[in-house]
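Note sheet for the following structure.
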Amino acid sequence: MEKNSKIILTIENEVATILISNPSKLNALSYSLLQDLEKKLDDLKQSSAKLIIFKGEGSKAFVAGADIKEMVSFTPQQAYEYIKYGQKVFTKVSKLSIPTIAVIQGFALGGGAELALACDFRIVNSDALFGFPEVQLGIIPGFGGTQRLTQLIGYSKSLEIILTSKRLSGEEMLSYGIANEFVKNGESMDDVIDKWVSSILKAAPIAVKMAKQAVQASETSSLESGLVIELMCETVCFSTSDCKIGFESFLERKQPEFKGE
Ligand code: CAA
Numbered sequence: 009m010e011k012n013s014k015i016i017l018t019i020e021n022e023v024a025t026i027l028i029s030n031p032s033k034l035n036a037l038s039y040s041l042l043q044d045l046e047k048k049l050d051d052l053k054q055s056s057a058k059l060i061i062f063k064g065e066g067s068k069a070f071v072a073g074a075d076i077k078e079m080v081s082f083t084p085q086q087a088y089e090y091i092k093y094g095q096k097v098f099t100k101v102s103k104l105s106i107p108t109i110a111v112i113q114g115f116a117l118g119g120g121a122e123l124a125l126a127c128d129f130r131i132v133n134s135d136a137l138f139g140f141p142e143v144q145l146g147i148i149p150g151f152g153g154t155q156r157l158t159q160l161i162g163y164s165k166s167l168e169i170i171l172t173s174k175r176l177s178g179e180e181m182l183s184y185g186i187a188n189e190f191v192k193n194g195e196s197m198d199d200v201i202d203k204w205v206s207s208i209l210k211a212a213p214i215a216v217k218m219a220k221q222a223v224q225a226s227e228t229s230s231l232e233s234g235l236v237i238e239l240m241c242e243t244v245c246f247s248t249s250d251c252k253i254g255f256e257s258f259l260e261r262k263q264p265e266f267k268g269e
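Pasting the structure below:
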């Protein structure tokens, strides 16, 4: 692993932060960093975290892609294994049961854009630059970009971004439907993140997980099967103490205090 490159996991007040730290390469992801990321995702399963924030070290980059210096000598067989592994790790990110937010300032290119797309939400500022330079390197986005970008914004816009390698600014990410929130100059990124965090943490934790699972089912299921999954998730919610707390609090006109059970 590159000296000083690591994935740092911290958990505070039920919020986990995963920091991708490889500053001398603009947080580029090597094979070993991907392995470290996978390990941290596994560690999170045992934790009390209710939400995960993904960030890159420093203000210059979220993640500038897969590590090109490492890939340059790959045989097709090694590339196959590496790309397959990257897909597996990013799919793990996308399947986390709790909500995930990518905070993007600076470059989110190639594998960095793909990591951001594997998250549920993207909060960006005016320094954000998002794009897929891969075809200029003779390859294509391989950690899920061709699929997740297309699911998010549709065929034509997705192919436009991938074939032109254009870099979208934070504002453009918002207008393309890639970013959920654009933090304007002068606004505080931390304040915006805090608002997102507090509104999600206020909700009943099991309902949050069930909602995520049901919405995700819409991407892989027919409407008919998706409705069955929604029905099951809703029935789980009705079996929780938090559902009773939520209904009673409404009727008593007070704020619910959910227990997560
Ligand atoms: N891999 C390895 N090293 C990288 C890197 C990457 N993806 N991105 C940046 N770096 C390194 C640079 O080589 C440089 O290292 P040295 O100081 O040792 O030369 C250091 O980070 C700083 O970068 P620059 O000097 O280039 O900084 P800049 O501000 O002039 O440019 C940049 C920034 C536009 C992001 C430029 O670094 C760049 O184009 N990086 C590559 C982006 C890219 O092509 N990403 C896609 C990779 S392929 C991929 O991700 C495949 C996939 O889907 C799985």
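Using our numbering, the first residue of the sequence shown is number 9, and each one after it goes up by one.
All C-beta atoms, glycine included, are put in the ideal place defined by N, C-alpha and C.
Everything numeric in this text was worked out from a predicted model, so none of it was measured.
If you compare alpha carbons, which of Gln95, Ala187, Ile109 and Phe190 is closest to Pro149?
-> The residue from Gln95, Ala187, Ile109 and Phe190 with its alpha-carbon nearest to that of Pro149 is Gln95.
Output the residue ranges of the beta strand (DSSP E) runs that lie fully inside the segment 10 to 87 and measure 3 residues or longer, sorted by chain position.
-> Those beta strand (DSSP E) runs which fall completely within the segment 10 to 87 and span 3+ residues are 14 to 20, 23 to 29, 59 to 64 and 69 to 71.
Euclidean distance between Cα positions of Glu269 and Leu37 | 37 Å
Are Phe70 and Gly120 closer than 8 Å when you measure CB to CB?
-> yes
Hey, could you find the ends of the alpha helix (DSSP H) Phe246 is sitting in?
-> Leu231 to Phe246
Residues that DSSP places opposite Ala110 in a beta bridge = Phe62 and Arg130
Ile60 versus Pro107 - alpha carbon distance = 6 Å
Burial state of Ser13, where buried means 16 or more other Cβ atoms lie within 10 Å | buried
With DSSP as the reference, label Ser166 as helix, strand or coil.
-> In the structure shown, Ser166 falls within a helical segment according to DSSP collapsed to helix, strand and coil.
Thinking C-alpha only, which one of Gln144, Ala72 and Ile91 is nearest Gln113?
-> Ala72
Hey, Ile131 and Ile161: beta-carbon distance below 8 Å or not?
-> no
Integer-rounded CB distance, given that Ala136 should sit under 8 Å from Arg156 | Not really, about 17 Å apart at Cβ, beyond 8 Å.
Would you mind reading off the limits of the alpha helix (DSSP H) that contains Leu145?
-> Taken as a continuous stretch (DSSP letters only), Leu145 belongs to no alpha helix (DSSP H), as it is neither H nor E.
Quick one: using the 10 Å Cβ neighbour count with 16 as the cut-off for buried, is Gly185 buried or exposed?
-> exposed
Ala110 CB to nearest heavy atom of ligand 1 below 7 Å = Answer for Ala110: no, Cβ out of range of ligand 1.
Cβ neighbours of Pro141 in the same chain (closer than 8 Å, five flanking residues each side left out) = Gly73, Leu117, Gly118 and Ser173
Is the beta carbon of Gln221 less than 8 Å from the beta carbon of Cys241?
-> Their beta carbons are under 8 Å apart, which means Gln221 touches Cys241 by this criterion.
Would you tell me roughly how many angstroms separate the C-alpha atoms of Leu176 and Phe138, rounded to the nearest one?
-> 5 Å
Measure how close the beta-carbons of Leu123 and Phe82 come, nearest whole angstrom, since I'm counting them as under 8 Å.
-> Going by Cβ atoms, the distance from Leu123 to Phe82 rounds to 20 Å, so no, they are not a contact pair.
Since Gly139 sits in a beta bridge, which residues does DSSP pair it with?
-> Leu117
Name the residue from Val23, Val223, Tyr39 and Asp199 whose alpha carbon lies nearest to the alpha carbon of Ser56.
-> Val23
Anyone know if the C-beta pair for Asn35 and Ile28 falls short of 8 Å?
-> Judged by beta-carbon spacing, Ile28 lies within the 8 Å limit of Asn35, meaning their Cβ atoms are closer than that value.
Glu238 to Val216, Cα distance in whole Å?
-> Taking the Cα positions, Glu238 is about 13 Å away from Val216.
For the segment 196 to 226, list the alpha helix (DSSP H) runs that are entirely contained and at least 4 residues long, ordered along the chain.
-> 197 to 209
Is any heavy atom of ligand 1 found at a distance shorter than 7 Å from the C-beta of Phe98?
-> no
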